[in-house]
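> In our numbering, the protein residues as written are 1 to 126.
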Amino acid sequence: MFRKFVWITGFLDILIGLGVWTQPLTNPEQGTFVSLMTLGAFLMFAGAALMWSSKDIAVRAPVIFWQGLVRLTAVTSILYGVPQGLATPYEYGVAVFDGVISLTYLVGTVKLTGASAFKLFMGKTQ
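(1) If you draw a straight line from the alpha carbon of Pro28 to that of Val110, how long is it in whole angstroms?
(2) Using only the alpha-carbon positions, how far apart do Leu36 and Gly123 sit?
(3) With the cut-off set at 7 Å, would you say Arg71 and Ile101 are in Cβ contact?
(4) Closer than 6 Å by C-beta to Phe65: which residues in its own chain qualify, once you throw out the five before and the five after it? Chain order, please.
(5) Quick one: give me the first and last residue of the alpha helix (DSSP H) that Lys111 is part of.
(6) Using only the alpha-carbon positions, how far apart do Ile78 and Leu69 sit?
(7) Measuring alpha carbon to alpha carbon, tell me which of Gly31, Gly40, Phe2, Thr9 ends up nearest Gly19.
(8) Run through DSSP, which three-state label would Leu36 get?
(9) In the DSSP assignment, find the unbroken alpha helix (DSSP H) run with Thr22 in it and report its ends.
(10) Give every residue of the same chain whose Cβ lies closer than 7 Å to the Cβ of Met51, excluding the five residues on either side of it in the sequence, and list them in chain order.
(11) Got a sec? Which residues, its chain only, sit under 6 Å from Met44 by beta carbon, not counting five neighbours each side?
(12) What separation, rounded to the nearest whole angstrom, lies between the Cα atoms of Met1 and Phe42?
See the structure below:
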């Protein structure tokens with residue numbers, strides 16, 4: 001079940017990355033083109049890494065664990081932005097979505113490998 005969840009969320013990252021590319025490719029604007037193209041590429045590469053990692057979680061769990069940390073950073077950024085008036089209602093949904101995925105990745109990799117969070121953080125499973 002966890003393996004399938006990681007694979008599906010990785011696939012969704014690729015689709016979201018392609019979606020992010022839509023705006024700069026159809027209507028390029030100075031100041032957003034480079035950042036949106038880079039963000040889209042990051043999402044696609046992260047998605048591919050997750051799909052690859054799902055095929056051998058026992059060995060590649062640190063990749064999934066780190067992706068959980070990346071998503072947790074996004075959630076933290078949005079939650080910080082709320083009282084500052086820097087987050088939009090759309091981003092609240094992203095925080096919930098990414099928060100659930102993040103916790104699933106972090107808890108799931110620890111539970112499935114038996115490795116501590118610190119070991120996974122350091123790139124180890126044994």
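We put the CB at the ideal spot given by N, CA and C, even for glycine.
From a predicted model like this one, the values you see are computed outputs, not experimental measurements.
According to the data block:
(1) 42 Å
(2) 29 Å
(3) Yes, the Cβ-Cβ distance between Arg71 and Ile101 is below 7 Å.
(4) Thr109, Leu120
(5) 89-113
(6) 14 Å
(7) For the set Gly31, Gly40, Phe2, Thr9, the Cα lying nearest the Cα of Gly19 is the one of Gly40.
(8) helix
(9) 2-26
(10) Trp7, Gly10, Phe11
(11) Ile14, Gly17
(12) 25 Å
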